[in-house]
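Participant: Position 219 (the sequence shown) corresponds to 224 in our numbering; numbering is contiguous. Backbone N, C-alpha and C define an ideal beta-carbon position, used for all residues, glycine too. The model shown is predicted, which means the values in this text are computed figures rather than measured ones.
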Amino acid sequence: MTDYTFFLFFVGFVALGFKRPFLWVLCYCYVDIVSPQKGSWHLLASLPVSLIVFAAAVGGWLLVDDKRDSRFTYRQGILCALLVYCGITTLLADFPVEALGKWSWVWKALLWAIILPLTLRTRLRIEATALVLVLSLGAIIIPGAIKTVLGGGGYGTLRLLVDDNTGLFEGSTISLAAIAVIPLIWWLARFGTIFPKHWTVTLFAVALTGACILMPVGTQARTGLVCLAVMGVLVLRTVKHRFLYMALGSIALMVAVPFLPKSFTDRMNTIENHKADQSASTRLAVWGWTWNYAKDHPGGGGFEVYLANKVRYRLKSDPASDGNSSEPAYIEEAGRAFHSSYFEMLGEQGWPGLMLWLWLHASGLWQMERIRRKWRKRTGPDELWVAPLANALMLGHVVYMVGALFVGIAYQPFILMLVGLQCGFWSYLKRIDQPVRRPMGQARHPRPLAGGEPLGV
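Pasting the structure below:
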């Protein structure tokens, strides 16, 4: 049944694109996030789904879309530079075969982040893209939250929409993404025009937010808990009733703790003492190895260079003794992943790649904050949505940058789509906020930010 559901939804989505080609852009976002071909055992599994929709989306934009309002931003230029540099390091990689495997999907993610902003010419398109990103991620989160409530969670054992442990289906990654998308959920609930403000929309937003919060519990990912704490602090910046918010948050936390599974609380307790936790000790050792590697190879070693590492670290007690021994243990491992986007970029792309990556994200935070400050006091009915969207995108971005300290997702397609959405949003506002040229003596009429613009041709 699942096979037919995925297939019929995909075929229907693609068919609608012949009427409105921009829907192919949205369809590719859906396919890249949900990966319906992984959840299908026959119909979609036998088709190059991603290639078909990518060709349709790019072809539809090139052939029939109106490009007069498309603008190329400097952040897209940074993405282009990063794409070219990653290509060069792939050619010179220490592990050429393995590097080509990762390059096969990284270049698509970077290229899509470059193309996506060029299609976001109207408010409706920006909103539609945000909606598809949220609902597509929700298709993964909601089943995971239901299984968590029913007792099916666990570190590395929670089965999400498909039986896979890569990309957004990996526990730490989906926990981070789930927390990062919460502000966008509430922006859509408050300012959305596709699904206007209504009690049913608010109820769904509450339920989806609850599902997002449950993801760190179900996956037992410490990164998710850190991201949730960061989000809770960030919201204080803009919430109207801070003390009420803190009081309700504290009460909710006290009520929730007794219901948390013991395996979750035990795992979260390891955050306090990394020296007694093998996973945390491994990460620190790998980060040290990466730093030393970058000293000798400042240009990076190409994708999957972590395969060259050999690390030795000390634990407070021998893990084989079940915690009963006070004798320290020395562990040796090889080929351990970076477990940090920052060290992933440093090891694979060297200092040039890391600087480009940091520039890309830092400039995004600066742009969203600039938009928020510029538009927050505007009260026009077609202007109220702007500052909250900038704030939502910025909060999600900050959560990603914090979570990326502990997860190797520097090239995660979902995050790069959010970057593309930021670029399109910035470009759109730069265009419509320009004063309209008029003949001398003619009264000035501000250009509207109407939400009723056409979705596509």
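With a Cβ-Cβ cutoff of 8 angstroms, do Y318 and A342 count as a contact?
Facilitator: For the purposes of this step, residue 318 is identified with residue 313 of the sequence shown, where counting begins at 1. For the purposes of this step, residue 342 is identified with residue 337 of the sequence shown, where counting begins at 1. In this structure, A342 does not lie closer than 8 angstroms to Y318 by Cβ.
Participant: Indicate the three-state DSSP secondary structure (helix, strand or coil) for Y9 in the structure shown.
Facilitator: Here the question's residue 9 lines up with position 4 in the sequence shown. The answer is helix: DSSP assigns Y9 an H, G or I state.
Participant: I'd like the span of the alpha helix (DSSP H) that includes E349, first residue to last.
Facilitator: Indexing the sequence shown from 1 puts residue 349 at position 344. From DSSP, the alpha helix (DSSP H) with E349 extends over 346-380.
Participant: Mind checking S51: buried by the 16 CB within 10 Å criterion, or exposed?
Facilitator: For the purposes of this step, residue 51 is taken as the residue at position 46 of the sequence shown. Exposed, because fewer than 16 other Cβ atoms sit within 10 Å of the Cβ of S51.
Participant: Report yes if the C-beta distance between L193 and A135 is below 8 angstroms; otherwise report no.
Facilitator: For the purposes of this step, residue 193 is identified with residue 188 of the sequence shown, where counting begins at 1. For the purposes of this step, residue 135 is identified with residue 130 of the sequence shown, where counting begins at 1. Cβ distance < 8 angstroms, so L193 and A135 count as in contact.
Participant: Among T243, Q225, Y335, D8, which residue has its Cα nearest to the Cα of T287?
Facilitator: For the purposes of this step, residue 287 is taken as residue 282 along the sequence shown, with counting starting at 1. Out of T243, Q225, Y335, D8, Y335 has the C-alpha closest to the C-alpha of T287.
Participant: Between which two residues does the alpha helix (DSSP H) carrying V144 extend?
Facilitator: Here residue 144 refers to the residue found at position 139 when the sequence shown is read from its first residue. Correcting the residue identity first, residue 144 is Ala in this sequence and not Val. Note, A144: alpha helix (DSSP H), 128-154.
Participant: Mind checking whether V19 and L239 have CB atoms under 8 angstroms apart?
Facilitator: Residue 19 sits at position 14 when you count from the first residue of the sequence shown. Residue 239 sits at position 234 when you count from the first residue of the sequence shown. Contact: no.
Participant: Is the beta carbon of M422 less than 8 angstroms from the beta carbon of L121?
Facilitator: Here the question's residue 422 lines up with position 417 in the sequence shown. Here the question's residue 121 lines up with position 116 in the sequence shown. Yes. Within cutoff.
Participant: Please classify A339: does DSSP put it in a helix, a strand, or coil?
Facilitator: Position 334 of the sequence shown, counted from the start, is the residue given in the question as residue 339. Strand, per DSSP.
Participant: Inspect the CB distances between the region 144-153 and the region 213-227 and report whether three or more fall short of 8 angstroms.
Facilitator: Result yes; three or more Cβ-Cβ pairs closer than 8 angstroms.
Participant: With a CB to CB cut of under 6 angstroms and the five nearest residues on each side skipped, what residues in its chain are close to D5?
Facilitator: With the chain represented from 6 up to 462, any question about residue 5 goes unanswered, as that position is not in the structure.
Participant: Inspect the beta-carbon positions of F411 and S345 and report whether they are closer than 8 angstroms.
Facilitator: In the sequence shown, counting from the first residue as 1, residue 411 sits at position 406. In the sequence shown, counting from the first residue as 1, residue 345 sits at position 340. It is a contact, given that the beta carbons lie within the stated cut-off.
Participant: Using the beta-carbon count (16 or more within 10 Å), is I376 buried or exposed?
Facilitator: Residue 376 sits at position 371 when you count from the first residue of the sequence shown. Buried, by the Cβ-count rule.
Participant: Let me know the secondary structure DSSP gives K5 once reduced to three states.
Facilitator: Residue 5 lies beyond the range of the chain shown here (6 to 462); nothing can be said about it.
Participant: Write down the C-beta distance between M251 and I187 rounded to the nearest angstrom, noting that I regard them as a contact closer than 8 angstroms.
Facilitator: In the sequence shown, counting from the first residue as 1, residue 251 sits at position 246. In the sequence shown, counting from the first residue as 1, residue 187 sits at position 182. About 17 angstroms; that fails the 8 angstroms criterion.
Participant: Does K107 come out as helix, strand or coil in the three-state DSSP assignment?
Facilitator: On the sequence shown, position 102 is the one that residue 107 refers to. Reduced to three states, the DSSP call for K107 is helix.
Participant: For T7, count neighbouring Cβ atoms within 10 angstroms of its own Cβ and tell me buried if that reaches 16, exposed if not.
Facilitator: In the sequence shown, residue 7 corresponds to position 2, counting from 1. The residue in question, T7, is exposed, as its Cβ has fewer than 16 Cβ neighbours within 10 Å.
Participant: In the DSSP assignment, the alpha helix (DSSP H) including I414 goes from what residue to what residue?
Facilitator: Residue numbering aside, residue 414 sits at position 409 when the sequence shown is read from its first letter. Neither: I414 is in no alpha helix (DSSP H) and is coded neither H nor E.
Participant: Is DSSP giving R247 helix, strand or coil here?
Facilitator: As a first step, residue 247 must be located in the sequence shown, where it is residue number 242. Looking at R247 - three-state DSSP - the assignment turns out to be helix.
Participant: Start and end of the alpha helix (DSSP H) containing R242?
Facilitator: Here residue 242 refers to the residue found at position 237 of the sequence shown. That residue, R242, is in no alpha helix (DSSP H); it is neither H nor E in DSSP.
Participant: Just tell me which of L400, E353, F11, S109 has its CA closest to the CA of P303.
Facilitator: Numbered from 1 along the sequence shown, position 298 holds the residue referred to as residue 303. Comparing Cα positions, the closest option is E353.
Participant: Can you tell me whether DSSP reads V167 as helix, strand or coil?
Facilitator: Here residue 167 refers to the residue found at position 162 when the sequence shown is read from its first residue. In this structure, V167 counts as coil in the three-state DSSP scheme.
Participant: What are the boundary residues of the alpha helix (DSSP H) that A210 is part of?
Facilitator: As a first step, residue 210 must be located in the sequence shown, where it is residue number 205. A210 -> alpha helix (DSSP H) spans 204-224.
Participant: Sorry if obvious, but does the Cβ on T127 come closer than 7 angstroms to a heavy atom of the ligand ZN?
Facilitator: The ligand ZN is absent from the structure shown, which contains no ligand whatsoever.
Participant: For T295, which residues in the same chain have their Cβ closer than 7 angstroms to its Cβ, ignoring the five residues on either side in sequence?
Facilitator: Counted from its first residue, the sequence shown places residue 295 at position 290. Same-chain partners within the cutoff: F343, F348, L351, G352.
Participant: I'd like to know whether the C-beta of T295 is nearer than 8 angstroms to at least one C-beta of chain B.
Facilitator: The structure shown contains no chain B, having only a single protein chain.
Participant: Does the region 353-372 come close enough to the region 137-149 that 3 or more CB-CB pairs lie under 8 angstroms?
Facilitator: With a cut-off of 8 angstroms, the region 353-372 and the region 137-149 do not count as touching, because too few Cβ pairs lie within range.
Participant: What residue range does the alpha helix (DSSP H) around G197 cover?
Facilitator: Taking the sequence shown and counting its residues from 1, the one referred to as residue 197 is at position 192. Where G197 is concerned, there is no enclosing alpha helix (DSSP H), given that its DSSP letter is neither H nor E.
Participant: Can you tell me which of the three DSSP states K72 falls into?
Facilitator: Counting from one through the sequence shown, the residue named residue 72 turns up at place 67. In the structure shown, K72 sits in coil (DSSP, three-state: anything other than H, G, I, E or B).
Participant: Comparing C-alpha positions only, which one of Y405, G425, W431 sits nearest to I184?
Facilitator: Mapped onto the sequence shown, residue 184 falls at position 179. Checking every option, the nearest Cα to that of I184 belongs to Y405.
Participant: When we look at the beta-carbon of W371 and count the other beta-carbons within 10 Å, is it buried (16 or more) or exposed?
Facilitator: Start at 1 with the first residue of the sequence shown, and residue 371 comes out as number 366. Exposed.
Participant: Just verifying my parser: in three-state terms, what is the DSSP assignment at K24?
Facilitator: Locating residue 24 in the sequence shown gives position 19, where the first residue counts as 1. The answer is coil: DSSP assigns K24 none of H, G, I, E or B.
Participant: Grouping DSSP H, G and I as helix and E and B as strand, with all else coil, what is G316?
Facilitator: Locating residue 316 in the sequence shown gives position 311, counting from the first residue. Correcting the residue type first, residue 316 is Val in the shown sequence and not Gly. Note: V316 maps to strand in three-state DSSP.
Participant: Can you tell me the Cβ-Cβ gap for P393 and R195, rounded? I've got them flagged as a contact below 8 angstroms.
Facilitator: Your numbering for residue 393 matches position 388 in the sequence shown. Your numbering for residue 195 matches position 190 in the sequence shown. P393 to R195, Cβ: 7 angstroms. Contact.
Participant: In or out: I414 buried (at least 16 other Cβ within 10 Å) or exposed?
Facilitator: Walking along the sequence shown from the start, residue 414 turns up at place 409. Looking at its Cβ environment, which holds 16 or more other Cβ atoms inside 10 Å, I414 is buried.
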